[in-house]
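Here's the structure we're looking at; comments come further down.
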Amino acid sequence: MARNYAEETSDAGLRPVLRVLLVGGGVHVLPGLDASGHSVQRVETARAALAAIEADAPDVLILSWDGFDLPGDAFLERLRDDTLPKASFVVVTNAPHDLTREAADHAFRAGADFVLPGNAGPATLSAMLEVASRQRNRSCDLEARLRRVLTKLGDLQKRFDSLDVDLGEARKLQHGLLRDRSVDLGTGQVSGILRSSGHVGGDLVGHFPINDRYFGFFALDVSGHGVSSALMTARLAGYLSAANPRQNIALVKEGDGWGPRSPEDAITDLNELVMEDLETDHYFTMVLG
8 MARNYAEETS
18 DAGLRPVLRV
28 LLVGGGVHVL
38 PGLDASGHSV
48 QRVETARAAL
58 AAIEADAPDV
68 LILSWDGFDL
78 PGDAFLERLR
88 DDTLPKASFV
98 VVTNAPHDLT
108 REAADHAFRA
118 GADFVLPGNA
128 GPATLSAMLE
138 VASRQRNRSC
148 DLEARLRRVL
158 TKLGDLQKRF
168 DSLDVDLGEA
178 RKLQHGLLRD
188 RSVDLGTGQV
198 SGILRSSGHV
208 GGDLVGHFPI
218 NDRYFGFFAL
228 DVSGHGVSSA
238 LMTARLAGYL
248 SAANPRQNIA
258 LVKEGDGWGP
268 RSPEDAITDL
278 NELVMEDLET
288 DHYFTMVLG
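This is the structure:
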């Protein structure tokens, strides 16, 4: 059971207080633990230990390898299902007898971080607690960093979601530039389709009416991808308006109506407008007919 580490202090000063859970035999280390100023809880059975860990996970777990109702390796096996937080420091002891070398190796393989001999003196116990304290400090620091990273990721996600909504609206607006999707010529029909690889892009196709005999069509491809390319595409499409022939650079006034300009002249003028009016590193290619 993970918990938030509070800034606990002992009466002796600002040194962090460790929460120690002593399981089974280990009476020989109690005086040293009590004198250390750390918070110590003692239980005798595996069930009581698991309940204590679930209720409030300790910083240090000291257990007797064979001094209570469950062998040490079997007990550590019970903890491998993430019942014990990774931050906890596991110590194995074997009061009143010392662990053999083989038993110590077995304890390390089973998940112990430290082996405390039965004849351990105050210096050894103090050194073990210092190691546990350093590990807890590192764990607290990593938790704090992780919380900051998660907070930043949450902020980025909110910004991404907002941007995603805006880009979705921009996609609708860009596709709105392709107004009538088809032209009926009597003997045939011409249709246009626009599918951007992303939300928006630098490509656009369209057409515009000229008179009873002619209609114009175009295909634009602005360099790059994304919003800036889409904005330039929309600006260029404005010079080829299907709604207002006076704003269409490809049309020329003919009496009471309109006629087509030479595509060469229209694109030359459009290129000059872009060079003079638009400050951009983008360029475009175009088909006009």
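Counting along the sequence shown from 1, when you hit position 106 you're at 113 in the numbering used here, and nothing is skipped either side. Glycine included, every Cβ here is placed at the ideal spot set by N, Cα and C.
If I follow the unbroken beta strand (DSSP E) through residue 280, where does it start and stop? Here residue 280 corresponds to residue number 273 of the sequence shown, with the count starting at 1. Per DSSP, residue 280 belongs to no beta strand (DSSP E); it is in the alpha helix (DSSP H), 270 to 284.
Taking 8 angstroms as the cut-off, does the segment 94 to 101 touch the segment 56 to 69 (at least 3 CB pairs, one atom from each stretch)? Yes: the two stretches touch, three or more of their Cβ pairs being nearer than 8 angstroms.
Based on Cα-Cα distance, which residue from 171, 228 and 84 lies nearest to residue 209? For this step, residue 209 is matched to residue 202 along the sequence shown. Of all alpha-carbon atoms in 171, 228 and 84, the one lying nearest the alpha-carbon of residue 209 is that of 228.
Does the separation of the CB atoms of residue 268 and residue 250 fall below 8 angstroms? Position 261 of the sequence shown, counted from the first residue, corresponds to residue 268. Position 243 of the sequence shown, counted from the first residue, corresponds to residue 250. No, the Cβ-Cβ distance between residue 268 and residue 250 is not below 8 angstroms.
Can you give me the C-alpha to C-alpha distance between residue 244 and residue 261, rounded to a whole angstrom? Here residue 244 is taken as the residue at index 237 of the sequence shown, counted from 1. Here residue 261 is taken as the residue at index 254 of the sequence shown, counted from 1. So the alpha carbons of these two residues sit roughly 23 angstroms apart.
Where DSSP assigns a beta bridge to residue 293, which residues make up the other side? If you number the sequence shown from 1, residue 293 lands on position 286. Bridge partners of residue 293: 227.
Alpha-carbon to alpha-carbon, residue 154 and residue 292: Looking up residue 292 in the sequence shown gives position 285. Looking up residue 154 in the sequence shown gives position 147. Straight-line Cα distance between these residues: approximately 49 angstroms.
With contact counted as at least three CB pairs below 8 angstroms, one residue from each stretch, are the segment 131 to 138 and the segment 50 to 60 in contact? Contact between the segment 131 to 138 and the segment 50 to 60 is absent, because fewer than three Cβ pairs lie under 8 angstroms.
Any idea what DSSP makes of residue 36, helix, strand or coil? What you label residue 36 is simply residue 29 of the sequence shown in a count that begins at 1. Three-state result, residue 36: helix.
What residue range does the alpha helix (DSSP H) around residue 240 cover? Within the sequence shown, the letter at position 233 stands for residue 240. Segment 234 to 245, the alpha helix (DSSP H) holding residue 240.
So the candidates are 81, 198 and 25; which of them puts its Cα closest to the Cα of residue 52? Looking up residue 52 in the sequence shown gives position 45. Looking at the Cα atoms, 81 is the closest of the given residues.
Can you give, in chain order, each stretch of the beta strand (DSSP E) that sits fully within the segment 118 to 194 and has at least 3 residues? Qualifying beta strand (DSSP E) stretches, in chain order: 121 to 123 and 189 to 191.
Helix or strand or just coil, what does DSSP make of residue 109? Here residue 109 is taken as the residue at index 102 of the sequence shown, counted from 1. Residue 109 falls in the helix class under three-state DSSP.
Answer with buried or exposed for residue 126, where buried requires no fewer than 16 other C-beta atoms within 10 angstroms of its C-beta. Translated into the one-based positions of the sequence shown, residue 126 becomes position 119. It counts as exposed.
Mind checking which residues open and close the beta strand (DSSP E) that includes residue 69? Here the question's residue 69 lines up with position 62 in the sequence shown. It spans 67 to 71 - the beta strand (DSSP E) in which residue 69 sits, taken as one unbroken run.
Just the Cα atoms here: how many angstroms apart are residue 241 and residue 253? Locating residue 241 in the sequence shown gives position 234, counting from the first residue. Locating residue 253 in the sequence shown gives position 246, counting from the first residue. Note on geometry: alpha-carbon atoms of residue 241 and residue 253 lie some 17 angstroms from one another.
Alpha carbon of residue 289 to alpha carbon of residue 270, nearest angstrom: Along the sequence shown, read from residue 1 onward, the residue named residue 289 stands at position 282. Along the sequence shown, read from residue 1 onward, the residue named residue 270 stands at position 263. Cα-Cα distance, rounded: 22 angstroms.
Compare the C-alpha of residue 110 against each of 44, 139, 71 and 148 and name the closest. Here residue 110 corresponds to residue number 103 of the sequence shown, with the count starting at 1. Comparing Cα-Cα distances from residue 110 to each of 44, 139, 71 and 148, the minimum goes to 71.
Which same chain residues, not among the five before or five after residue 189, have their C-beta less than 6 angstroms away from its C-beta? Sequence index remark: in the sequence shown, residue 189 carries index 182 (1-based). 196 and 198.
Reference residue 206; option with closest CA among 149, 221 and 236: Here residue 206 is taken as the residue at index 199 of the sequence shown, counted from 1. Nearest C-alpha to residue 206: 236.
Whose C-beta lies closer than 8 angstroms to the C-beta of residue 282 among residues of the same chain, with five residues either side of it excluded? Taking the first residue of the sequence shown as position 1, residue 282 is located at position 275. Closer than 8 angstroms at the Cβ level, and outside the excluded window around residue 282, lies no residue.
Considering only the beta carbon of each residue, do residue 50 and residue 30 sit closer than 8 angstroms? One-based indexing of the sequence shown puts residue 50 at position 43. One-based indexing of the sequence shown puts residue 30 at position 23. Yes; because the gap between Cβ atoms is below 8 angstroms, this pair is in contact.
Just to confirm the assignment, what range does the beta strand (DSSP E) spanning residue 213 have? Taking the sequence shown and counting its residues from 1, the one referred to as residue 213 is at position 206. If you look at residue 213, you'll find it in the beta strand (DSSP E) that goes 210 to 216.
Same chain, Cβ closer than 6 angstroms to residue 117, five either side skipped, listed in chain order: In the sequence shown, residue 117 corresponds to position 110, counting from 1. Within the same chain, residue 117 has close Cβ partners 80 and 83.
For residue 247 versus residue 222, is the C-beta distance shorter than 8 angstroms? Locating residue 247 in the sequence shown gives position 240, where the first residue counts as 1. Locating residue 222 in the sequence shown gives position 215, where the first residue counts as 1. No; because the gap between Cβ atoms is not below 8 angstroms, this pair is not in contact.
Below 8 angstroms between beta carbons: does that hold for residue 218 and residue 266? Position 211 of the sequence shown, counted from the start, is the residue given in the question as residue 218. Position 259 of the sequence shown, counted from the start, is the residue given in the question as residue 266. In contact: residue 218 and residue 266 (Cβ atoms closer than 8 angstroms).
Pull up the distance between the alpha-carbon of residue 141 and that of residue 158, whole angstroms please. What you label residue 141 is simply residue 134 of the sequence shown in a count that begins at 1. What you label residue 158 is simply residue 151 of the sequence shown in a count that begins at 1. A direct Cα-Cα distance of roughly 26 angstroms separates residue 141 from residue 158.
Kindly say whether residue 178, judged by its beta-carbon, lies nearer than 8 angstroms to any beta-carbon of chain D. This model lacks chain D altogether, as it is built from one protein chain only.
First and last residue of the uninterrupted alpha helix (DSSP H) at residue 261: As a working note, residue 261 is residue 254 in the sequence shown. Element bounds for residue 261: not the alpha helix (DSSP H) but the beta strand (DSSP E), 258 to 261.
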